[in-house]
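This report refers to the structure that appears directly beneath it.
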Amino acid sequence: MDSVIGLAVSAAGKVGHGLTQPYSHVRDIVASSKGLDGNHDCLRRDLDTLVFIKDRNDVEIRRCKQFVILNSYSVWVTNVSETVAEVEKLMLEYRSKRRGLRRWHLQRRSRLSEEMEKKFIEVRKLTENGKLQTRFRVERVLKVSNVVQIKGFPTLQSSLENILDSLNERETRLVGVCGMMGVGKTTILLNLNNNQKIANLFDIVILVRVSAVQSSYCLQQAIANRLMLDVGGIHDHNMVANTDI
Numbered sequence: 001m002d003s004v005i006g007l008a009v010s011a012a013g014k015v016g017h018g019l020t021q022p023y024s025h026v027r028d029i030v031a032s033s034k035g036l037d038g039n040h041d042c043l044r045r046d047l048d049t050l051v052f053i054k055d056r057n058d059v060e061i062r063r064c065k066q067f068v069i070l071n072s073y074s075v076w077v078t079n080v081s082e083t084v085a086e087v088e089k090l091m092l093e094y095r096s097k098r099r100g101l102r103r104w105h106l107q108r109r110s111r112l113s114e115e116m117e118k119k120f121i122e123v124r125k126l127t128e129n130g131k132l133q134t135r136f137r138v139e140r141v142l143k144v145s146n147v148v149q150i151k152g153f154p155t156l157q158s159s160l161e162n163i164l165d166s167l168n169e170r171e172t173r174l175v176g177v178c179g180m181m182g183v184g185k186t187t188i189l190l191n192l193n194n195n196q197k198i199a200n201l202f203d204i205v206i207l208v209r210v211s212a213v214q215s216s217y218c219l220q221q222a223i224a225n226r227l228m229l230d231v232g233g234i235h236d237h238n239m240v241a242n243t244d245i
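The sequence shown begins at 1 in UniProt numbering and counts up one residue at a time.
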């Protein structure tokens with residue numbers, strides 16, 4: 001008799017365990033449905049904050065022409081635009097169903113509530129990453145003042161014109177200016193730096209003063225400073241010297 005009772009209790013336990021799963025699912029649906037209005041309000045509030053941050057960044061970008069927008073920020077803007085459109089679609093569904101139905105189906109409310117909760121997490125993450133990511137625009141040419149004009153020196157002027165002609169040839173990769181000390185090499189290069197034709201040929205013109213004993217690291221550090229690149233985290237001189245800046 002005891003064994004029969006034991007089997008009955010065991011079977012009842014299995015049945016009861018099977019019934020708890022659908023009950024739990026229904027309970028979750030009810031809870032999610034009840035949270036719809038709260039999720040809607042939280043999502044609306046955070047979306048307004050996100051849009052405010054983006055609009056504020058847009059104003060700053062228009063105000064500061066020297067800013068260059070980093071690619072990571074452009075990706076953020078794209079994600080914000082897509083997320084705003086998706087959230088507005090959910091908001092429209094929420095408003096239309098509240099107006100059109102006296103009794104809103106439980107599962108529909110639950111589904112919309114869950115979707116709003118997921119979007120709330122996305123919006124919150126975008127808000128946290130909404131810092132404007134820019135760097136200052138690098139001037140194409142830093143003209144040197146008080147440069148001796150070489151128009152009155154035919155030899156120097158001829159050398160400058162020859163260099164300009166060589167740079168206009170697509171196959172030219174390097175132009176060297178050689179000569180004894182005092183013949184005008186530096187003067188030619190300073191005039192090239194200030195020449196508008198050079199500015200038209202290249203995206204950026206960099207004039208770096210070097211010495212015969214200067215290392216590759218010092219040269220590249222000077223170029224990095226001109227480009228306003230942050231290489232402060234690289235302490236290995238060999239690594240910096242072998243980096244393509």
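Ideal Cβ positions, reconstructed from N, Cα and C, are used throughout, including at glycine.
Quick caveat: nothing in here was measured; it's all calculated off a predicted structure.
Contacting residues, own chain, Cβ-Cβ under 8 Å from Lys119 (five flanking each side not counted): Here residue 119 corresponds to residue number 119 of the sequence shown, with the count starting at 1. So the qualifying residues of the chain are Leu43, Thr83, Glu86, Val87 and Leu90.
Run of the alpha helix (DSSP H) containing Cys178, from where it starts to where it stops: Here residue 178 refers to the residue found at position 178 of the sequence shown. From DSSP, Cys178 is part of no alpha helix (DSSP H); its letter is neither H nor E.
Cβ pair count under 8 Å reaching 3, the region 138-157 against the region 72-79: No contact exists between the region 138-157 and the region 72-79.
Residues near Arg130 by beta carbon distance below 6 Å, same chain, minus five either side: One-based indexing of the sequence shown puts residue 130 at position 130. Sequence inspection shows Gly at residue 130; the Arg mentioned does not correspond to that position. Exclusion of the five residues before and after Gly130 leaves Ile53 as the residues of its chain whose Cβ lies within less than 6 Å of its Cβ.
Beta-carbon gap between Val144 and Asn193 smaller than 8 Å: Start at 1 with the first residue of the sequence shown, and residue 144 comes out as number 144. Start at 1 with the first residue of the sequence shown, and residue 193 comes out as number 193. Judged by their CB atoms, Val144 and Asn193 are nearer to each other than the 8 Å cut-off.
Collapsed DSSP secondary structure at Ser218 in the structure displayed: Taking the sequence shown and counting its residues from 1, one reaches residue 218 at position 218. Per the sequence shown, residue 218 should be read as Cys rather than Ser. Note: Cys218 maps to helix in three-state DSSP.
Neighbourhood of Tyr23 by C-beta, 6 Å cutoff - its chain only, sequence neighbours within 5 removed: Position 23 of the sequence shown, counted from the first residue, corresponds to residue 23. The predicted position of Tyr23 is uncertain, since its pLDDT is 41 and thus under 50; no value can be drawn from it.
Cα-Cα separation, Leu189 to Thr127: By one-based count along the sequence shown, residue 189 stands at place 189. By one-based count along the sequence shown, residue 127 stands at place 127. Straight across, the Cα-Cα distance linking Leu189 with Thr127 is about 49 Å.
Secondary structure of Ala12, DSSP reduced to three states: Here residue 12 refers to the residue found at position 12 when the sequence shown is read from its first residue. At Ala12, the pLDDT of 40 sits below 50, so the modelled position is not reliable and the matter cannot be decided from this model.
Euclidean distance between Cα positions of Glu227 and Arg45: For this step, residue 227 is matched to residue 227 along the sequence shown. For this step, residue 45 is matched to residue 45 along the sequence shown. Before going further, note that residue 227 is Leu rather than Glu in the sequence given. Answer to the nearest angstrom: the Cα atoms are 41 Å apart.
Reduced DSSP category for Gly38 - H, G, I as helix; E, B as strand; rest coil: Position 38 of the sequence shown holds residue 38. In this structure, DSSP gives Gly38 a helical state, which the three-state scheme calls helix.
Collapsed DSSP secondary structure at Val75 in the structure displayed: Here residue 75 refers to the residue found at position 75 of the sequence shown. Helix at Val75.
Inter-residue Cα distance where the pair is Ser110 and Leu36: For the purposes of this step, residue 110 is identified with residue 110 of the sequence shown, where counting begins at 1. For the purposes of this step, residue 36 is identified with residue 36 of the sequence shown, where counting begins at 1. Near 7 Å, if we compare the C-alpha coordinates of Leu36 and Ser110.
Endpoints, the alpha helix (DSSP H) within which Gln149 is located: As a working mapping, residue 149 is identified with position 149 in the sequence shown. For Gln149, no alpha helix (DSSP H) segment is defined, and its DSSP state is neither H nor E.
Beta-carbon proximity of Leu132 to Tyr73, cut-off 8 Å: For the purposes of this step, residue 132 is taken as the residue at position 132 of the sequence shown. For the purposes of this step, residue 73 is taken as the residue at position 73 of the sequence shown. Result yes, Cβ atoms of Leu132 and Tyr73 sit closer than 8 Å.
Phe202 - DSSP class collapsed to helix/strand/coil: By 1-based counting over the sequence shown, the position of residue 202 is 202. In the structure shown, Phe202 sits in coil (DSSP, three-state: anything other than H, G, I, E or B).
Residues near Leu167 in its chain [Cβ-Cβ closer than 7 Å; skip 5 each side]: The sequence position of residue 167 within the sequence shown is 167, counting from 1. Cβ neighbours of Leu167 beyond the five flanking positions: Val175 and Leu201.
Rounded distance between the beta-carbons of Asn39 and Met116, thought under 8 Å: The residue given as residue 116 occupies position 116 in the sequence shown. The residue given as residue 39 occupies position 39 in the sequence shown. With a Cβ gap of about 4 Å, Met116 and Asn39 count as contacting.
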